[in-house]
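One structure is given below, encoded as structure tokens.
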């Protein structure tokens, strides 16, 4: 055996035992006559001791060669530690080493393997295998495992069967670019990596599996950010003979289960909000409802007062920021600069302070009386001590900009607390959205989403008004899950493809296999997919998913540890019938 115990399990009850440990050298303190070594593995740290009175000379000499990240095995006796460390489970004991074997030496690591490291993100990603040795990363990966096990336990108890679906499929238009894989055996043809297992899980329902789930890798070639990776993981689920209410009930249960088992948090209410209401009140379809600052439309109160900036705009909308009337001019100027950044793109910001004494002071006092501003306060729900912030412009664009400002202020004012959880269902999404560039409708979710039964009559006459039988689960301002009741009827699916601009031939080429399956008794079905990486990060109190993934890509989609993607050599290109054209 390389070890009889791990480095995290020995305590005072083991004093006097002869044990064997193996692990990495965390730290060495060499006093010459006495050497202490912190030995680390996944489970913790145990202090080793060598001293010239009790250790042979050759053992002391060998111990003197140890350095950080050496891999060693030791045999020795567990003894009571003179200077105890109450901060670690093994802090009452140490091991008096009698035998030492160096299993592997180590170069000096490029950054310190500590809770707080001196390594920058790029350096740590290049040496990710070293970064994983650090507790902050190691613990996140262990936390991910814990979440995955709870997901599997809950869904299995609910009668779901885990089924694997293929990774090499055909390219289908699902909203993002595909990653494609050339086929050596089929010249000039390509597989695609799945953006989701959507069609396969529907086929499993046609196959009678009834309740399916899979914790599955998905691939999308899209621009990246902190909560997005080119390969990501979904909790993918589908059920037969269900309506929307059945699915919402099951997956409220999953969310409650995870919050209780992982965080010890009980959540009773899962409020519901229509897409239209979410956009009007919060400016986005995944609002964080842990704090207020709901939007108030001020058109009737702010227009036609001689202030052209408002008079000429489609929408004037504001929020009340609690307790922010005390903001200094410098702080207000910083907010104005923040919304003018290219990432937000606003032309400006108007403010009105509702002072503690009840008076009003604004950046547009020239155009608005105190009575006018009091009306703004009433509309936004502002109280004495609050700050009113107002933006104007194109309706959709301005709502998006004010939403970004609201979230920024939520972070800056500490209103988005990591230990508070506020789930929310957003329902009644538009089925279709118009694309000005292509001058045609696109599916807001995907082309297999069923319209609301009561809106089917509008499919040809007013397609933009048709609501989808779709739903998103939002947690703390992040979409963690989304799904829909699917189309299971071949004729309805054909109507949907027509609306999306597919010719009969294109629809047959892309989705003929699904349409064929619908001819053989396809049951009503629906499902949902959770973003597993994002869900895990939020449960862990963070919004960046990167540290919850063992080997993530950077913002350019590169794995800088293995240097991928990389060019192929000429022989491989020839075998795959490919030529590389670089402009």
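Numbering (the numbering used here), first residue to last: 221 to 803.
In this text, a Cβ means the ideal position worked out from N, Cα and C, and glycines have one as well.
For clarity, every value in this text was computed on a predicted model and none was experimentally measured.
Residue pairing by DSSP puts residue 690 in a beta bridge opposite 704. By the neighbour-count criterion, in which a residue is buried when 16 or more other Cβ atoms sit within 10 angstroms of its Cβ, residue 752 is buried. By a beta-carbon distance limit of 8 Å, residue 438 contacts residue 454. Their separation comes to about 5 Å.
Under the three-pair Cβ rule at 8 Å, the segment 471-480 does not count as touching the segment 405-425.
Within the segment 430-516, the complete alpha helix (DSSP H) runs of at least 4 residues fall at 464-478 and 495-502. The count of Cβ pairs closer than 8 Å, one atom from the segment 686-694 and one from the segment 494-514, reaches three, so the stretches are in contact.
C-alpha of residue 303 to C-alpha of residue 259: approximately 17 Å in a straight line. With contacts defined as CB atoms closer than 8 Å, residue 599 and residue 521 qualify as a contacting pair. The C-beta separation of residue 435 from residue 383 comes to about 11 Å, leaving the pair out of contact by the 8 Å criterion. In this structure residue 782 is exposed. Its beta-carbon is surrounded by fewer than 16 other beta-carbon atoms within 10 angstroms. DSSP, reduced to helix, strand and coil, places residue 225 outside both helices and strands of the structure shown, so it counts as coil. A contact is defined here as three or more CB-CB pairs under 8 Å, and the segment 354-373 fails this definition with respect to the segment 792-800. Contact annotation, residue 299 with residue 316: C-beta distance approximately 5 Å; criterion of less than 8 Å satisfied. For residue 324, the three-state secondary structure derived from DSSP is strand. Residue 289 sits close to residue 333, with the two beta carbons spaced by under 8 Å.
Beta-bridge analysis with DSSP links residue 600 to no other residue.
In this structure, the CA atom of residue 534 is about 40 Å from the CA atom of residue 766. Where residue 630 is concerned, the enclosing alpha helix (DSSP H) starts and stops at 615-632. The beta carbon of residue 630 is closer than 7 Å to those of 508, 511 and 636 in its chain, skipping five residues each way along the sequence. Distance check between residue 488 and each of 643, 448, 296 and 701 places 643 closest, using alpha-carbon atoms only. Each of 762, 335, 279 and 406 was checked against the Cα of residue 638, and the nearest Cα belongs to 762.
Between the C-alpha atoms of residue 715 and residue 425 there is a straight-line separation of about 21 Å. Approximately 35 Å separates the beta-carbon atoms of residue 661 and residue 609; this is outside 8 Å, ruling out the contact. When secondary structure is reduced to three states using DSSP, residue 415 falls in the coil class, being assigned neither helix nor strand.
Secondary structure note for residue 249: its beta strand (DSSP E) is the uninterrupted segment 238-250. The beta strand (DSSP E) runs lying completely inside the segment 251-323 and spanning 3 residues or more are 254-261, 264-271 and 291-300, given in chain order. By the neighbour-count criterion, in which 16 or more other beta carbons inside 10 Å mark a residue as buried, residue 346 falls on the buried side. The secondary-structure analysis by DSSP pairs residue 582 across a beta bridge with 572.
Counted as a single uninterrupted DSSP element, the alpha helix (DSSP H) harbouring residue 374 occupies residues 355-377. Under the three-state reduction of DSSP, residue 768 is assigned to helix. Burial state of residue 246 is buried, judged by a 10 Å Cβ sphere holding 16 or more other Cβ atoms. The alpha-carbon separation between residue 251 and residue 313 amounts to approximately 20 Å.
Shown here for residue 618: same chain residues with a beta carbon closer than 7 Å to its own, the five before and five after excluded, namely 535, 537, 611 and 612 in chain order.
The C-beta distance from residue 758 to residue 698 rounds to 6 Å, short enough to fall under 8 Å.
In the structure shown, the three-state DSSP call for residue 538 is strand. Pairing residue 587 with residue 515 gives a Cβ-Cβ distance that is not under 8 Å.
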